[in-house]
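Asker: Please find one structure pasted underneath; my questions will follow.
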Amino acid sequence: MNIFRLTGDLSHLAAIIILLLKIWKSRSCAGISGKSQILFALVFTTRYLDLFTSFISLYNTCMKLIYIGCAYATVYLIYAKFRATYDGNHDSFRVEFLVVPVGGLSVLINHDFSPLEILWTFSIYLESVAILPQLFMISKTGEAETITTHYLFCLGLYRALYLFNWIWRFYFEGFFDMIAIVAGVVQTVLYCDFFYLYVTKVLKGKKLSLPA
Amino acid sequence: GTDSNLKDEL
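Taken in sequence, the protein lines are chains P and L. Each residue of the first sequence is one higher than the one before, starting from 24 at the first, in this note's numbering. Each residue of the second sequence is one higher than the one before, starting from 56 at the first, in this note's numbering.
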């Protein structure tokens with residue numbers, strides 16, 4: 024555990040909680056892509072199956088349970104409790120264009136051809152692109168609520184911090200994982216355009232709106 | 056370096 028890893032985890036946790044609280048407090052999931060949230064629930068489910076097979080630490084187990092629990096709670100709020108506020112017409116990204124290629128890639132490029140290992144790889148690849156339906160939705164409506172941009176910033180920052188964590192681990196532990204690194208770079212790059220808008224607009228007190 | 060899984064990460 025190094026400082027980048029810990030702050031990355033906390034940034035990820037902050038993102039998840041911000042989104043849950045935003046929906047709960049406003050009693051609305053307007054502007055939130057339910058499809059991205061289903062993909063994140065799928066990511067956590069396929070990655071954390073090792074909860075049943077191995078124990079790493081109390082921290083590890085607790086965080087996994089919190090992430091999974093929050094992911095399913097978010098999906099429940101969007102598709103059940105506050106379904107009337109869900110903006111399905113603008114959430115029109117075709118997720119099969121992500122899930123099918125990612126599934127194929129995880130079968131082809133993995134560390135070990137075993138069910139758990141393929142599912143872990145699938146979760147890493149899927150996480151890298153799971154935010155696309157949300158970014159697509161924002162580009163379609165041309166705007167995002169400020170609280171939604173805080174969520175996206177924390178979510179993007181998390182993987183960027185993990186990149187520094189992996190650099191740290193390579194130098195101090197001689198340890199790297201090419202699958203995670205390549206997927207993590209892709210994931211972080213997808214946020215770059217958003218990071219730019221966040222710094223130039225939201226942090227200066229303006230609402231995030233895209234030119235028509 | 057070793058190319059192995061980051062199973063201790065989240």
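Just so you know, even glycine gets a beta-carbon here, dropped at the ideal spot from N, CA and C.
1) How many angstroms separate the CA atom of P:LYS163 from the CA atom of P:HIS113?
2) For the stretch 82-93 of chain P, list every residue whose C-beta sits within 9 Å of some C-beta in chain L, in sequence order.
3) Using a Cβ-Cβ cut-off of 8 Å, state whether P:ASP216 counts as contacting chain L.
4) Looking only at its own chain, which residues have a Cβ that is under 8 Å from the Cβ of P:LEU17, when we skip the five neighbours before and after it?
5) Identify the contact partners of P:ALA103 in chain L, using a Cβ-Cβ distance below 8 Å as the criterion.
6) So, at 8 Å on beta carbons, what are the nonlocal neighbours of P:GLU196 in its own chain, with the 5 sequence-adjacent residues on each side left out?
7) Within a Cβ cutoff of 8 Å, which residues of the same chain sit near P:ASN188, ignoring the five residues on either side of it in sequence?
8) Can you tell me which of P:VAL208, P:ALA96, P:LEU231 and P:THR84 puts its alpha carbon nearest to the alpha carbon of L:LEU65?
9) So with Cβ pairs under 8 Å, would you call P:ALA64 a contact of chain L?
10) Go through its chain and collect everything with a Cβ distance to P:LEU43's Cβ below 8 Å, but skip five positions before and after it.
11) What residue does the alpha helix (DSSP H) around P:ILE79 start on, and which one ends it?
12) Give the straight-line distance between the Cα atoms of P:ILE39 and P:ILE161, rounded to the nearest whole angstrom.
13) Heavy atom of the ligand COA less than 7 Å from the Cβ of P:PRO138, yes or no?
14) Check whether the stretch 139-159 of chain P touches the stretch 106-122 of chain P, taking contact to mean three or more Cβ pairs, one atom from each stretch, closer than 8 Å.
15) What is the DSSP secondary structure of P:PHE199, counted as helix, strand or coil?
16) Closer than 9 Å by beta-carbon distance: list the chain L residues that pair up with P:ILE79, in chain order.
17) Which class does P:ALA53 belong to by DSSP, given the choice of helix, strand or coil?
18) DSSP state of P:ALA167, grouped into three classes?
19) Measuring only between beta-carbons, confirm whether P:ALA203 sits less than 8 Å from chain L.
20) Output needed for P:PHE105: all residues of its chain with C-beta closer than 8 Å, excluding positions within five of it in sequence on either side, in chain order.
21) Which one or two residues does DSSP pair with P:LEU231 in a beta bridge?
22) Compare the C-beta of P:ASP114 with all C-beta atoms of chain L and state if any pair is closer than 8 Å.
23) Of all Cβ atoms in chain B, is any one closer than 8 Å to the Cβ of P:LEU139?
Answerer: Looking at the coordinates:
1) Taking the first residue of the first sequence as position 1, residue 163 of chain P is located at position 140. Taking the first residue of the first sequence as position 1, residue 113 of chain P is located at position 90. Counting only the Cα atoms, P:HIS113 lies some 7 Å from P:LYS163.
2) ASN83, MET86, LYS87 and TYR90
3) Locating residue 216 of chain P in the first sequence gives position 193, where the first residue counts as 1. False, the Cβ-Cβ gap to chain L never drops below 8 Å.
4) Chain P is shown from 24 up to 235; residue 17 of chain P falls before or after that span and cannot be answered.
5) By 1-based counting over the first sequence, the position of residue 103 of chain P is 80. Ordered by position in chain L, no residue passes the 8 Å Cβ test against P:ALA103, which lies about 27 Å from the chain.
6) Position 173 of the first sequence, counted from the first residue, corresponds to residue 196 of chain P. Here the set comprises nothing.
7) The residue given as residue 188 of chain P occupies position 165 in the first sequence. Same-chain partners within the cutoff: ASN25, PHE27, ARG28 and GLY31.
8) As a first step, residue 65 of chain L is located in the second sequence; it is residue number 10 there, counting from the start. Checking every option, the nearest Cα to that of L:LEU65 belongs to P:THR84.
9) Here residue 64 of chain P refers to the residue found at position 41 when the first sequence is read from its first residue. Judged by the 8 Å Cβ criterion, P:ALA64 is not in contact with chain L.
10) Counting from 1 along the first sequence, the entry for residue 43 of chain P is found at position 20. Residues of the same chain with a CB within less than 8 Å of the CB of P:LEU43, apart from the 5 flanking positions on each side, are CYS93, ALA96, THR97 and LEU100 in chain order.
11) In the first sequence, the residue the question calls residue 79 of chain P occupies position 56. Counting along the chain, P:ILE79 sits inside no alpha helix (DSSP H), nor does DSSP assign it H or E at all.
12) Indexing the first sequence from 1 puts residue 39 of chain P at position 16. Indexing the first sequence from 1 puts residue 161 of chain P at position 138. Approximately 18 Å, taken between the alpha carbons.
13) The model depicted lacks the ligand COA and carries no ligand whatsoever.
14) By the Cβ rule, the stretch 139-159 of chain P counts as touching the stretch 106-122 of chain P, because three or more pairs are nearer than 8 Å.
15) If you number the first sequence from 1, residue 199 of chain P lands on position 176. Here P:PHE199 sits in strand by DSSP.
16) Taking the first residue of the first sequence as 1, we reach residue 79 of chain P at position 56. The answer, in chain order, is LYS62 and ASP63.
17) Position 30 of the first sequence, counted from the start, is the residue given in the question as residue 53 of chain P. Here P:ALA53 sits in coil by DSSP.
18) Indexing the first sequence from 1 puts residue 167 of chain P at position 144. Three-state DSSP puts P:ALA167 in a strand.
19) Residue numbering aside, residue 203 of chain P sits at position 180 when the first sequence is read from its first letter. Closer than 8 Å to some Cβ of chain L, the Cβ of P:ALA203 qualifies, so yes.
20) In the first sequence, residue 105 of chain P corresponds to position 82, counting from 1. So the qualifying residues of the chain are ILE46, ARG50, SER51 and CYS52.
21) If you number the first sequence from 1, residue 231 of chain P lands on position 208. DSSP lists P:ALA167 as partners of P:LEU231.
22) In the first sequence, residue 114 of chain P corresponds to position 91, counting from 1. Answer no: the Cβ-Cβ gap between P:ASP114 and chain L never drops below 8 Å.
23) Reference to chain B is not applicable here, since the protein chains of this structure are P and L.
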